[in-house]
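Colleague: The following block contains the structure, expressed as structure tokens.
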Amino acid sequence: MTKVKKADVIVIGAGLSGLHAASLLKRNGKRVVLLEARDRVGGRSLNHQFANGDLVDVGGQWIGPGHDQMYELLKQHQLKTYPLYDGGKNLIYLRQKITEYSGTIPKLNIAQTLQLGWMLWRFDKLVSGINPAAPYEHAQASKWDSMTVQTWINRNSISETARKAFTIVIKAVFTVEPKELSMLHALFYAKSNCSLDYLISVNGGAQQDRIHGGSQGLCLALAKQLSEELELNHPVTLVEHDQDGVTVTCKNGAVYSAAHLISAIPPNRLLRIDFDPIMPSTKDQMWQRMPAGSCIKCVAQYETPFWRDKGLSGQSIGLDDDLLVNVTFDNTEKGKTSGLLMGFIEGDSARYWGQKSDADRKQAVLSVFAKYFGQQALTPIDYVDKDWSSEEWTRGCYAASFGVGGWTEFGRHLATPIGRIHFAGTETASDWYGYFEGALQAAERAVNEVLELIKKRRG
Ligand SMILES: Cc1cc2nc3c(=O)[nH]c(=O)nc-3n(C[C@H](O)[C@H](O)[C@H](O)COP(=O)(O)OP(=O)(O)OC[C@H]3O[C@@H](n4cnc5c(N)ncnc54)[C@H](O)[C@@H]3O)c2cc1C
């Protein structure tokens, strides 16, 4: 007979959210089991080591003002941050021509620049009225949830170039095409993360700071304190639950029981777990409407950040249709000699290039880097890319997005517990949804729910 291991609370998923939840529970004197499918912790936070030993983030990497719990937790674990390199000029590539510019809004002709600026301003004006804890309550919620962001773009732009530039902004922020995205979700997401302006900004925005040694360092530090509680290589396949507690079975046959469960895995992964009794249709149908985005993160390593010598920041935006990488950043770690250029392949392009061979994709990415930064970009000393859609335990990034109709019909069920099952993970956060900070805040909320129930039971 299988031996059932007992705990007070079982946490599924050792990404940042699950690790934080398990740490908080342990600190509160609870017996915890943290079950992780992979042979590593961190989930969407992942370091890659280049041949020369340097580390680079191939998952999430930036934090910015307002990510208070992240800064605090990093401090607690003696992990330091540094600002993203933001010196020099940015580049825009349009009609096979490179132009330098400064600031957030790329330099187009006067009419196009004005129109793009107006679209960004208009979008954020709509964002300001949204309550991220209940976006479906807005008077216009139904209207916005029945249109895609593409529809809004078509209605609010005359210039083809401004339309393209706004589309690239949306793809860079959401990793899906505007045609896939509910306008209400886009407004919610921007409000949850301050504003669209915050999301696309470096100084004072979401791209402000990096973490020395990579963001996974924080997850590894949290895991070190959970060595007794953490079980790697334990994919959860079945959750049985009733009014007394939960019993969880893993793919390897291990069985655990506890009074409560916190799930800290993304919606598409929740759909792959069997629940007995089954989840209410509202929950299951909601997860079905929350696909993860499509993104390949690409990083080339050079002897030095050579673009800086030319007075360039490493930040670029490319509007031409044949570009697979539309935005780039200087990913060089402060204090390191080698220079890193990073670019994202997103949406339809990620789906296309994810099917190509590693060698073809690398060549195609480097040829775009060369268009932006010159022939030197063709000969890196090392290169890595990570297609998150092909990762078994993630299947897309940065986060899940609702398509049309999702928020108004199902959004209120996002974080509600089902009996003894509670939900964490960045996709259940109302503030900082999709970000590390949201993962932490969601963990804290789910842990408080559980602690409150335990307290009540003890009376
Ligand atoms: C390329 C990329 C760029 C990003 N950029 C940023 C950024 O700059 N800044 C930022 O703040 N955020 C960024 N993000 C998002 C950020 O990484 C996520 O918001 C955060 O890591 C989510 O943490 P989580 O714990 O909620 O989920 P996850 O990290 O997805 O953790 C879930 C865990 O559950 C495990 N799991 C799944 N199914 C099971 C199962 N059945 N049984 C057991 N375990 C299971 C997974 O293996 C995983 O470890 C980015 C993400 C990516 C991929």
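According to this note's numbering, the sequence shown is numbered sequentially starting from 798.
Heads up, the beta-carbon is just placed ideally off N, CA and C, and yes, glycines get one too.
With burial defined as no fewer than 16 other Cβ atoms inside 10 Å of the residue's Cβ, what is the status of isoleucine 1008: buried or exposed?
Modeller: So isoleucine 1008 counts as buried.
Colleague: With a CB to CB cut of under 6 Å and the five nearest residues on each side skipped, what residues in its chain are close to methionine 1076?
Modeller: Contacts found: none.
Colleague: Since isoleucine 997 and valine 970 are thought to touch, with beta carbons under 8 Å apart, how far apart are those beta carbons, to the nearest angstrom?
Modeller: That belief holds up - the Cβ atoms of isoleucine 997 and valine 970 are roughly 7 Å apart, short of 8 Å.
Colleague: Comparing C-alpha positions only, which one of Trp1104, Gly1202, Thr948, Tyr1180 sits nearest to glutamine 846?
Modeller: Of the candidates Trp1104, Gly1202, Thr948, Tyr1180, the one whose C-alpha sits nearest the C-alpha of glutamine 846 is Tyr1180.
Colleague: To which residues does DSSP link phenylalanine 1220 through a beta bridge?
Modeller: Per DSSP, Ser1060.
Colleague: Alpha carbon to alpha carbon, how far is glutamine 858 from serine 754? Give it in angstroms, no decimals.
Modeller: With the chain running from 798 to 1256 in the structure shown, residue 754 is simply not present.
Colleague: Between threonine 1225 and the rest of its own chain, which residues show a CB-CB distance below 7 Å, the 5 nearest in sequence each way excluded?
Modeller: If we look at threonine 1225 and ignore the five residues flanking it on each side, its Cβ neighbours are Leu1211, Ala1212, Ala1239.
Colleague: Could you tell me which uninterrupted alpha helix (DSSP H) segments, each at least 4 residues in length, are contained entirely in the segment 1024-1102, listed from first to last along the chain?
Modeller: You should have 1064-1067, 1078-1085.
Colleague: Quick one: what's got a C-beta closer than 6 Å to serine 956's C-beta in the same chain, skipping five residues either side?
Modeller: If we look at serine 956 and ignore the five residues flanking it on each side, its Cβ neighbours are Gln909, Gln912.
Colleague: Of all the CB atoms in chain C, is at least one closer than 9 Å to the CB of isoleucine 1075?
Modeller: Among the chains of the structure shown, chain C does not appear; only one protein chain is present.
Colleague: For lysine 1153, which of helix, strand or coil comes out of DSSP?
Modeller: DSSP places lysine 1153 in coil when its eight states are reduced to three.
Colleague: What first and last residue would you give for the alpha helix (DSSP H) that runs through leucine 1250?
Modeller: 1233-1255 is the extent of the alpha helix (DSSP H) around leucine 1250.
Colleague: With distances taken from CA atoms, which of Glu1189, Gly1203, Glu1143 is nearest tyrosine 1195?
Modeller: Of the listed residues, the one whose Cα sits closest to tyrosine 1195 is Glu1143.
Colleague: How big is the Cα-Cα spacing for serine 1198 and glycine 1090?
Modeller: If I take the Cα positions, the gap works out to 7 Å.
Colleague: Measure the C-alpha to C-alpha separation of proline 1214 and threonine 1044 and round it to an integer number of angstroms.
Modeller: Distance between the alpha carbons of proline 1214 and threonine 1044 is about 16 Å.
Colleague: Leaving out five residues on either side along the sequence, give the residues of the same chain with a beta carbon under 8 Å from the beta carbon of alanine 962.
Modeller: Only Pro903, Leu905, Gln909, Leu913, Ile1114, Leu1116 meet the Cβ criterion.
Colleague: Go through the segment 1113-1179 residue by residue and report every complete run of the beta strand (DSSP E) that reaches 3 residues or more, in order.
Modeller: Counting whole runs of 3 or more residues, the segment 1113-1179 contains the beta strand (DSSP E) stretches 1124-1127, 1136-1143.
Colleague: How big is the Cα-Cα spacing for glutamate 1037 and valine 829?
Modeller: One C-alpha to the other measures close to 18 Å.
Colleague: Alpha carbon to alpha carbon, how far is glutamine 1005 from tyrosine 1053? Give it in angstroms, no decimals.
Modeller: For tyrosine 1053 and glutamine 1005, the distance between alpha carbons rounds to 42 Å.
Colleague: Roughly how many angstroms lie between the CA atoms of leucine 1138 and leucine 1068, to the nearest whole one?
Modeller: Rounded to whole angstroms, leucine 1138 to leucine 1068 spans 36 Å at the Cα level.
Colleague: Does the count of Cβ pairs from the segment 1237-1253 and the segment 941-948 closer than 8 Å reach three?
Modeller: The segment 1237-1253, when compared against the segment 941-948, does not touch it at the 8 Å Cβ threshold.
Colleague: Let me know if tyrosine 1230 comes out buried or exposed under the rule of 16 or more other beta-carbons within 10 Å of its beta-carbon.
Modeller: The residue is buried, with at least 16 neighbouring Cβ atoms inside 10 Å.
Colleague: Check whether the Cβ atoms of proline 758 and glutamate 977 lie closer than 9 Å to each other.
Modeller: As displayed, the chain neither begins before 798 nor continues past 1256, which places residue 758 out of reach and without an answer.
Colleague: Is any non-hydrogen atom of ligand 1 found closer than 8 Å to the C-beta of serine 1198, if you look at the structure I gave you?
Modeller: The answer is no for serine 1198.
Colleague: Could you compute how far the alpha carbon of glycine 1202 sits from the alpha carbon of serine 842?
Modeller: Taking the straight line from one Cα to the other gives about 30 Å.
Colleague: Between which two residues does the beta strand (DSSP E) carrying glutamate 869 extend?
Modeller: Unbroken run through glutamate 869 is the alpha helix (DSSP H), 865-873; no beta strand (DSSP E).
Colleague: How long is the line joining the alpha carbons of glutamine 947 and leucine 1019, rounded to whole angstroms?
Modeller: If I take the Cα positions, the gap works out to 41 Å.
Colleague: Heavy atom of ligand 1 less than 8 Å from the Cβ of glutamine 909, yes or no?
Modeller: Result no, Cβ not under 8 Å from ligand 1.
Colleague: Could you compute how far the alpha carbon of glycine 1042 sits from the alpha carbon of alanine 804?
Modeller: Cα to Cα, the separation comes out at about 11 Å.
Colleague: Less than 9 Å between the C-beta atoms of glycine 861 and glycine 1222, yes or no?
Modeller: No.
Colleague: According to DSSP, asparagine 887 sits in a beta bridge with which residue or residues?
Modeller: Beta-bridge pairing links asparagine 887 to Tyr898.
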